[in-house]
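Student:
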Amino acid sequence: MKKGLSFFSKSTQSGSYFTPFEDTDVSLSLRVSAIDSEGVEKVDVNDAINSYTFASDYQLWRQETDMLSVNNFDNKYFNAIVARGEESVPYIYEQLKKGPTHLIHALELIYPDKCDYNKEIITLKRARKRWLRILEKQKNI
Amino acid sequence: MEIRVFTLCDGAYNYNGKLTIVGTVDNIKVPKIPTLTSVGIAAKIALSPNEIGKKNITINFKSSNGELMVPEIAFEAETKDNLVIAGMIDNLNIKEVGDCVVELMIGKTLLSLPFKVVK
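Here the protein sequences line up with chains A and B, keeping their order.
Counting in this note's numbering, the first sequence tops out at residue 147, every number present.
Counting in this note's numbering, the second sequence tops out at residue 311, every number present.
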């Protein structure tokens, strides 16, 4: 995963808009330090960044495509979820636990070998159950 | 808890506990509504000895109707005398102009920073 600040990428006027993440695949850059007289300690915020990035991509994907009846996977936010591969899986699993979601199609792309059903005819509800079973067998959840 | 720095900005960078802030802002100007934009956030908070320790920290951007503009940013930190936060948020989801707020919650202490979205 490419990370890092690139906030000088475009000049801005006061309070205006700009795109500091053009060359990154995360939508949050965060660095936190705890400081005392003995030194500076970096706070681990990787989980916060991954969780935020997934939630942001998922929210924007739904915002852009929920009104569409078909082909709602040709979308940069959906592609970003898929591109992060297994990093996205714990967050997809959390969404699956809440109920049926089109995120199963991200799982089909992340784990093409584990998709053991006919994508054309299975219902979202049944596919969700299958994926929950598959993911719960995996240790990384 | 004492706020030493708490601002929105064009760029925020935390280099080994030292904050670099580029272009502080209290208005976010957008060309159209709805839109996605980016913003930086910088904070330096001094904690008193009885406030030091493990803390849950959250950052929320709320629009004028109280809706979250981006998902909550949440993490845990073992705090010391000072806490330095530098973040760049992409995809700030702006659906309307108006008075908004950034809420930084450190443990049970809520710090609020109002800002405006203008067109």
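Just so it is clear, CB atoms sit at the ideal spot from N, CA and C, and this is done for glycine as well.
So which of B:253, B:278, B:269 and B:270 has the shortest CA-CA distance to residue 205 (chain B)?
Tutor: Indexing the second sequence from 1 puts residue 205 (chain B) at position 13. The shortest Cα separation from residue 205 (chain B) among B:253, B:278, B:269 and B:270 belongs to B:278.
Student: Over what stretch of residues does the beta strand (DSSP E) that includes residue 95 (chain A) continue unbroken?
Tutor: As a working note, residue 95 (chain A) is residue 89 in the first sequence. Where residue 95 (chain A) is concerned, there is no enclosing beta strand (DSSP E), although the alpha helix (DSSP H) it sits in stretches over 95-104.
Student: Relative to the alpha-carbon of residue 33 (chain A), which residue among B:213, B:296 and B:265 has its alpha-carbon at the smallest distance?
Tutor: Locating residue 33 (chain A) in the first sequence gives position 27, counting from the first residue. Residue B:265 is the option with its Cα nearest to residue 33 (chain A).
Student: Go through its chain and collect everything with a Cβ distance to residue 83 (chain A)'s Cβ below 6 Å, but skip five positions before and after it.
Tutor: Here residue 83 (chain A) is taken as the residue at index 77 of the first sequence, counted from 1. Excluding positions up to five away in sequence, the list reads 63, 66 and 67.
Student: Quick one: is residue 209 (chain B) buried, meaning 16 or more other Cβ sit within 10 Å of its Cβ, or exposed?
Tutor: Along the second sequence, read from residue 1 onward, the residue named residue 209 (chain B) stands at position 17. So residue 209 (chain B) ends up on the buried side.
Student: Start and end of the alpha helix (DSSP H) containing residue 55 (chain A)?
Tutor: Mapped onto the first sequence, residue 55 (chain A) falls at position 49. 52-71 is the extent of the alpha helix (DSSP H) around residue 55 (chain A).
Student: Is the segment 116-127 of chain A touching the segment 194-203 of chain B in the sense that three or more CB pairs, one from each, lie closer than 8 Å?
Tutor: In short, these stretches do not touch, since the Cβ pair count stays below three.
Student: Buried or exposed, going by whether 16 or more other CB atoms sit within 10 Å of the CB of residue 215 (chain B)?
Tutor: As a first step, residue 215 (chain B) must be located in the second sequence, where it is residue number 23. By the neighbour-count rule (16 or more Cβ atoms within 10 Å), residue 215 (chain B) is buried.
Student: Return helix, strand or coil for residue 265 (chain B), following the three-state DSSP convention.
Tutor: Within the second sequence, numbered from 1, the residue matching residue 265 (chain B) stands at position 73. Three-state DSSP puts residue 265 (chain B) in a strand.
Student: Can you list, in chain order, the residues of its chain with a C-beta nearer than 8 Å to that of residue 88 (chain A)? Leave out the 5 residues immediately preceding and following it.
Tutor: Sequence index remark: in the first sequence, residue 88 (chain A) carries index 82 (1-based). Closer than 8 Å at Cβ, skipping near neighbours: 94, 112, 115 and 116.
Student: Determine which residues share a DSSP beta bridge with residue 280 (chain B) and list them.
Tutor: Here residue 280 (chain B) is taken as the residue at index 88 of the second sequence, counted from 1. Paired residues: A:35 and B:232.
Student: Mapping the DSSP letters down to three states, classify residue 241 (chain B) as helix, strand or coil.
Tutor: As a working mapping, residue 241 (chain B) is identified with position 49 in the second sequence. In the structure shown, residue 241 (chain B) sits in a helix (DSSP, three-state: H, G or I).
Student: Which word fits residue 296 (chain B), buried or exposed, when buried means at least 16 other C-beta atoms lie within 10 angstroms of its C-beta?
Tutor: Numbered from its first residue, the second sequence carries residue 296 (chain B) at position 104. Its Cβ being crowded by 16 or more others within 10 Å, residue 296 (chain B) is buried.
Student: Using a Cβ-Cβ cut-off of less than 7 Å, list which residues of the segment 270-301 of chain B approach chain A; keep chain order.
Tutor: Result list: 270, 271, 272, 273, 274, 275, 276, 277, 278, 279, 280, 281, 282 and 283.
Student: What does residue 265 (chain B) touch in chain A if you count any residue whose Cβ is under 8 Å from its own?
Tutor: Locating residue 265 (chain B) in the second sequence gives position 73, where the first residue counts as 1. Under the 8 Å cutoff, chain A gives 34, 36, 54 and 58.
Student: Can you give me, in chain order, the residues of the segment 194-213 of chain B that have a beta carbon less than 7 Å from any beta carbon in chain A?
Tutor: Within the segment 194-213 of chain B, the residues whose Cβ lies closer than 7 Å to some Cβ of chain A are 202, 203, 205, 206, 208 and 209, listed in chain order.
Student: So residue 134 (chain A) is in the alpha helix (DSSP H); what residue range does that whole segment cover?
Tutor: As a working note, residue 134 (chain A) is residue 128 in the first sequence. Segment 130-143, the alpha helix (DSSP H) holding residue 134 (chain A).
Student: Does residue 47 (chain A) come within less than 8 Å of chain B when only Cβ atoms are used?
Tutor: For this step, residue 47 (chain A) is matched to residue 41 along the first sequence. For residue 47 (chain A), the answer is yes, since a Cβ of chain B falls inside 8 Å of its Cβ.
Student: Nearest-angstrom Cα distance between residue 245 (chain B) and residue 42 (chain A)?
Tutor: One-based indexing of the second sequence puts residue 245 (chain B) at position 53. One-based indexing of the first sequence puts residue 42 (chain A) at position 36. Computed Cα separation, rounded: 12 Å.
Student: Taking 6 Å as the limit between beta carbons, can you name the residues of its chain near residue 275 (chain B), skipping five residues before and five after?
Tutor: Reading the second sequence from its first residue, position 83 is the one you call residue 275 (chain B). Contacts found: 237.
Student: Output the distance between the C-alpha atoms of residue 101 (chain A) and residue 107 (chain A), rounded to the nearest integer angstrom.
Tutor: Here residue 101 (chain A) refers to the residue found at position 95 when the first sequence is read from its first residue. Here residue 107 (chain A) refers to the residue found at position 101 when the first sequence is read from its first residue. Computed Cα separation, rounded: 7 Å.
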